Amino acid sequence: MNQARTPSSSRRAAIRRLATATAAATFPLLATRAQAHTDKPHTARTGPVVKEQKDWGIAGDAKRAKRSIAVGMADNMRFTPARIEVRQGETVKFVVRNDGKQMHEFVIGTKAENAKHAEMMVKFPNMEHDEPYMAHVPPGKTGEIIWTFNRAGEFEFACLIAGHYQGGMVGTILVAPGGKP
Ligand SMILES: [Cu+2]
């Protein structure tokens, strides 16, 4: 028995593949993962975390996280605290709580990277994005990120949901140099 798909279904699949490839090529940051996530917390990931060195650090191991930092997010577009200090080499578990009634997210990055990404989110508000340095947290829920700050400097955490970054939903992370790697 011939199990091949009909021409029309394989054509649809080809169009889907093309659309995905085009989105990935145009918006590599936003389209690196395909799974939808906007309606569920990010504590349960389906695949292994990809550890890619970024200017602001690298995905961390939970067992190396000796410090846990709780961060609150609210509908007045503010993070509490808005300033976080860590030492270079430190692995931190961020426990990010959404105290508001709308979706918020916690995204670590450089100022330039976050600003660029936030602009993209205004143009394409429904664009999916998911990386080990972000947590998308529905109202009343808590998300977690384990991140190793192996680069010293001043970085940012921000909510990149359309309009939130522009509304001031930004905080500072200061990574002091000289810690053990
Ligand atoms: Cu927000």
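Residues in the sequence shown are numbered consecutively from 0, following numbering that gives the first Met the number 0. Note that CB positions come from ideal geometry on N, CA and C, so glycine has one too. The structure displayed is predicted, hence computed values, not measured ones.
Check your understanding: Who are the Cβ neighbours of alanine 117 in its own chain at under 6 Å, not counting the five residues just before and after it?
Key -> One-based indexing of the sequence shown puts residue 117 at position 118. The answer, listed in chain order, is Leu159, Tyr164.
Exercise for review: Would you kindly check if the distance between the Cβ of glycine 56 and the Cβ of asparagine 149 is under 8 Å?
Suggested key: To locate residue 149, count along the sequence shown from 1; it is residue 150. To locate residue 56, count along the sequence shown from 1; it is residue 57. At the C-beta level, asparagine 149 and glycine 56 come within 8 Å of one another.
Point to revise | Coil, strand or helix - histidine 135 by DSSP | key: The count along the sequence shown starts at 1 and reaches residue 135 at position 136. In the structure shown, histidine 135 sits in a strand (DSSP, three-state: E or B).
Review point. Quick one: what's glycine 108 bridged to in DSSP?
Key: The count along the sequence shown starts at 1 and reaches residue 108 at position 109. Partner(s): Glu155.
**Study point:** isoleucine 144 beta carbon near ligand 1 (any heavy atom closer than 7 Å)
**Key:** Position 145 of the sequence shown holds residue 144. Result no, Cβ not under 7 Å from ligand 1.
Exercise for review: Might you give, ordered along the chain, the residues of its own chain that have their beta carbon closer than 7 Å to the beta carbon of glutamate 104, omitting 5 neighbours on each side?
Suggested key: Counted from its first residue, the sequence shown places residue 104 at position 105. Cβ neighbours of glutamate 104 beyond the five flanking positions: Met133, Ala134, His135, Val136, Cys158, Leu159, Ile160.
Review point. Would you say alanine 61 and lysine 50 are within 8 Å of each other, going by their C-beta atoms?
Key: Within the sequence shown, numbered from 1, the residue matching residue 61 stands at position 62. Within the sequence shown, numbered from 1, the residue matching residue 50 stands at position 51. Taking 8 Å as the Cβ cut-off, alanine 61 and lysine 50 do not qualify as a contacting pair.
**Study point:** Span separating the alpha-carbon of proline 40 from that of asparagine 97
**Key:** As a first step, residue 40 must be located in the sequence shown, where it is residue number 41. As a first step, residue 97 must be located in the sequence shown, where it is residue number 98. Annotation note: pLDDT 44 at proline 40 (below 50); position unreliable, coordinate value reported separately. Approximately 11 Å, taken between the alpha carbons.
**Study point:** N- and C-terminal bounds of the beta strand (DSSP E) containing alanine 161
**Key:** Taking the sequence shown and counting its residues from 1, the one referred to as residue 161 is at position 162. Unbroken run through alanine 161: none, as it is neither H nor E.
Exercise for review: Express the C-alpha separation of glycine 142 and serine 67 in angstroms, rounding to a whole number.
Suggested key: Taking the first residue of the sequence shown as position 1, residue 67 is located at position 68. Taking the first residue of the sequence shown as position 1, residue 142 is located at position 143. Near 12 Å, if we compare the C-alpha coordinates of glycine 142 and serine 67.
Review point. Ordered along the chain, which non-local residues of its own chain (more than five positions away) have a Cβ less than 8 Å from that of glycine 167?
Key: Position 168 of the sequence shown, counting from 1, holds the residue named residue 167. Setting aside the 5 residues that flank it on each side, glycine 167 is surrounded in the same chain by Met76, Arg77, each with a C-beta closer than 8 Å to its C-beta; the list follows chain order.
Practice item. Leaving out five residues on either side along the sequence, give the residues of the same chain with a beta carbon under 6 Å from the beta carbon of threonine 147. Key: Position 148 of the sequence shown, counted from the start, is the residue given in the question as residue 147. If we look at threonine 147 and ignore the five residues flanking it on each side, its Cβ neighbours are Gly56, Ile57, Gly59, Thr90.
Review point. What are the start and end residues of each continuous beta strand (DSSP E) run of 3 or more residues lying completely inside the region 47-126, in chain order?
Key: For secondary structure counted as the beta strand (DSSP E) over 3 or more consecutive residues, the region 47-126 holds these complete runs in sequence order: 66-73, 77-79, 82-86, 89-97, 103-108.
Practice item. Have a look at Glu153, Phe154, Val95 and flag the residue whose alpha-carbon is nearest the alpha-carbon of isoleucine 144. Key: The residue given as residue 144 occupies position 145 in the sequence shown. Distance from the Cα of isoleucine 144 is smallest, within the candidate group Glu153, Phe154, Val95, for Val95.
Review point. Using the beta carbon as the reference atom, which residues fall closer than 5 Å to any heavy atom of ligand 1, ordered along the chain?
Key: The set of residues with a C-beta under 5 Å from any non-hydrogen atom of ligand 1 comprises His103, Cys158, Ile160, His163, Met168, given in chain order.
Check your understanding: Mind checking aspartate 54: buried by the 16 CB within 10 Å criterion, or exposed?
Key -> Looking up residue 54 in the sequence shown gives position 55. Aspartate 54 should be labelled exposed.
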